[in-house]
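In our numbering, the protein residues as written are 34 to 171. Note that CB positions come from ideal geometry on N, CA and C, so glycine has one too. Here the structure is a predicted model, which is why all the values come from computation and not from measurement.
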Amino acid sequence: MAWPHRPATTDDVWPEAEDLFRWIREESVAATSDSIVGDAFRTADQLLRSRISPDLLTQRATEAGIETDPDAAAFDAATLEAWCPAYVRQAILIRAAAIYTRRDSTNGTIAFAEFAVRVAKRDPDVDELMRPVVSVLV
Numbered sequence: 034m035a036w037p038h039r040p041a042t043t044d045d046v047w048p049e050a051e052d053l054f055r056w057i058r059e060e061s062v063a064a065t066s067d068s069i070v071g072d073a074f075r076t077a078d079q080l081l082r083s084r085i086s087p088d089l090l091t092q093r094a095t096e097a098g099i100e101t102d103p104d105a106a107a108f109d110a111a112t113l114e115a116w117c118p119a120y121v122r123q124a125i126l127i128r129a130a131a132i133y134t135r136r137d138s139t140n141g142t143i144a145f146a147e148f149a150v151r152v153a154k155r156d157p158d159v160d161e162l163m164r165p166v167v168s169v170l171v
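In structure tokens:
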């Protein structure tokens, strides 16, 4: 799997709630309180960060060109702490958007005219994006 192994850029930082606002880009977001969007973001962020293996994240950071050895001259703890792989960032935003839109399907069903669709329990895209930094998918 080559795509996670690329040089780090300045855009590779942990997402914030404002990133979710840009990700959703719905007019309904303007009418939604910041706390609802913020809650969705914080929930997704905490859920997905809790699944990350610190060892795998450190390995990916090394592969991305970030110094992870605290004894190295080029080591910068702030850079390492701020770094987030682009695929993890994307997974957090996808999951946060799903949690945000779930408010319209409290019973697990989304209706479209005469059709109804059951909301999936898992998102295979989020699982695939998280795979490089998760030991076991839960």
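Using a Cβ-Cβ cut-off of 8 angstroms (strictly less than) and excluding sequence neighbours within five positions of R128, which residues of its own chain qualify? By the criterion of a C-beta distance shorter than 8 angstroms, R128 is surrounded in its chain by A77, L80, L81, D156 and V159, once the five residues flanking it on both sides are discounted.
Looking only at its chain, what residues have a beta carbon closer than 7 angstroms to the beta carbon of L21, apart from the 5 residues adjacent to it on each side? Beyond the ends of the chain as shown, which are 34 and 171, falls residue 21; an answer cannot be given.
Same chain, Cβ closer than 7 angstroms to A41, neighbours up to 5 away in sequence not counted: These residues qualify, in order along the chain: A97, G98, I99 and W116.
Which of helix, strand or coil does DSSP assign to F148? Note: F148 maps to strand in three-state DSSP.
At 4 residues or longer, what runs of the alpha helix (DSSP H) sit wholly inside the stretch 82–117? Listed in chain order, they are 87–96 and 110–115.
Let me know the secondary structure DSSP gives V159 once reduced to three states. Reduced to three states, the DSSP call for V159 is helix.
Starting from the Cα of R136, find the closest Cα among D45, D72, W47 and T43 and give me that residue. Closest by alpha carbon: D72.
Using CA atoms only, rank isn't needed, just tell me which of D52, S83 and E161 is closest to V70. Looking at the Cα atoms, D52 is the closest of the given residues.
Alpha-carbon to alpha-carbon, E147 and E161: If you take the alpha carbons of E161 and E147, they lie about 32 angstroms apart.
Taking the alpha-carbon positions, what's the T43 to K154 distance? Whole-angstrom Cα-Cα distance: 33 angstroms.
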